[in-house]
Amino acid sequence: MGKTKISSLGEFGLIEHLTKVFNTKDPSVVRAFGDDTAFVDFSKLSSSLKGGFLLFTVDTLVEGRHFLRWYPPASVGWKLVSVNVSDIAAKGGRPLFGMITLALPKYIELSYVEELYKGINQALDFYNFDLLGGNTTSSHLIMLDFPIVGHAKRLVFRDKPRVGDYIYVSPYLGDSLAGLELLLERKRDYKPYEKMLIEKHLRPTARLDLAPVVEKYATASMDISDGFISDLRKMLKNLSAEIFLEEIPLSEELKTYCLQRKKDPLYYALKGGEDYQLLITSKEDLTKFGLKKVGKITAPEGGKIIDARSGKVISIEGFDHLRV
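Counting along the sequence shown from 1, when you hit position 181 you're at 180 in numbering that gives the first Met the number 0, and nothing is skipped either side.
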């Protein structure tokens, strides 16, 4: 990487330098960068957006909490966009526009930020929406916000499942946690299956392909960011459910990783976070869409998640941002 520091450009010089890589494609965007706000012409928005609901979401990535400085910056940029698109996908929507806030140490190299923006731009192209602007400020750590505005045709909440609904997940679960463990080993050489797991952690793909399924069939939906069991508890609240553990989708890469290290892949799938797969409830058969039926909501009270085979309560906890 080069040695130019962002402090040599200043805030507005950095903004001007970075925004050159973005080209807005949506004809409704009158102006994106270079003013106090972005401007969007409502009359030029796609006819498919008539009616329905606007969706607003934002997730933050913080250095030391969600990524480390030596992670590839392009991967950090990709992940920043993807984790926010994942929320939109979980509501059966599609992203319309994004914004960004960069909090950066003054001594950070310009080339790092350029690579970060390269990853952001790659993700915007992949998910097919535009960045409209943002803000920069100084900080002792890198902190990144990426608010997104999306659109959905109907309301799909996370906490409205019903007794009798089946529980579905998109594959695979647990890969990201294994990838994180491998990444932190900082080995010189990784085997192909290890590289695949690392990629799942560094560059997750939001399941925007399943948004139409959520829109049409889901009674409740959310993305899996803090771990399957942890997020299922948020969805169920006081409802009880049984889980078909043998149906939990496990990748061959995760199975190999756990076999080599004498670990239980099911533990990774139930506890591991940041897979950004979808957790959906529905009375319909959604297996034809590639989803795995992994459980059923059984009772309106109790708040228990039970192994359907053994009858034992599953008590694994997932990730909590504020827990000490």
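Heads up, the beta-carbon is just placed ideally off N, CA and C, and yes, glycines get one too.
Since the structure is predicted, the reported quantities are computational estimates derived from the model, not experimental observations.
When rounded, the separation of the alpha-carbon atoms in residue 78 and residue 114 is 13 Å. Taking all protein chains shown into account, residue 312 has fewer than 16 neighbouring C-beta atoms within 10 Å of its C-beta and is therefore exposed. Collapsing the DSSP output to three states places residue 307 in coil. In the structure shown, residue 188 adopts coil according to DSSP, grouped into three states. For residue 227, the enclosing alpha helix (DSSP H) has its first and last residue at 227 to 235. By the C-beta density criterion, residue 229 is buried, having at least 16 other C-beta atoms within 10 angstroms. According to the DSSP assignment, residue 295 belongs to the beta strand (DSSP E) that extends over 291 to 298.
Note on residue 22: under 16 other CB atoms within 10 angstroms of its CB, so exposed under the neighbour-count rule.
Residue 164 and residue 91 have their alpha carbons spaced roughly 18 Å apart.
Secondary structure at residue 250: coil, using DSSP grouped into helix, strand and coil. The criterion of a C-beta distance shorter than 8 Å is not satisfied by residue 196 and residue 222.
In terms of Cβ geometry, residue 88 and residue 205 form a close pair [threshold 8 Å]. Checking the DSSP bridge columns, you'll see residue 240 partnered with 296 and 304. In summary, residue 54 is buried, with 16 or more beta-carbon neighbours lying within 10 Å of its beta-carbon over all protein chains present. Secondary structure note for residue 85: it is in no beta strand (DSSP E), and the uninterrupted alpha helix (DSSP H) holding it is 72 to 89.
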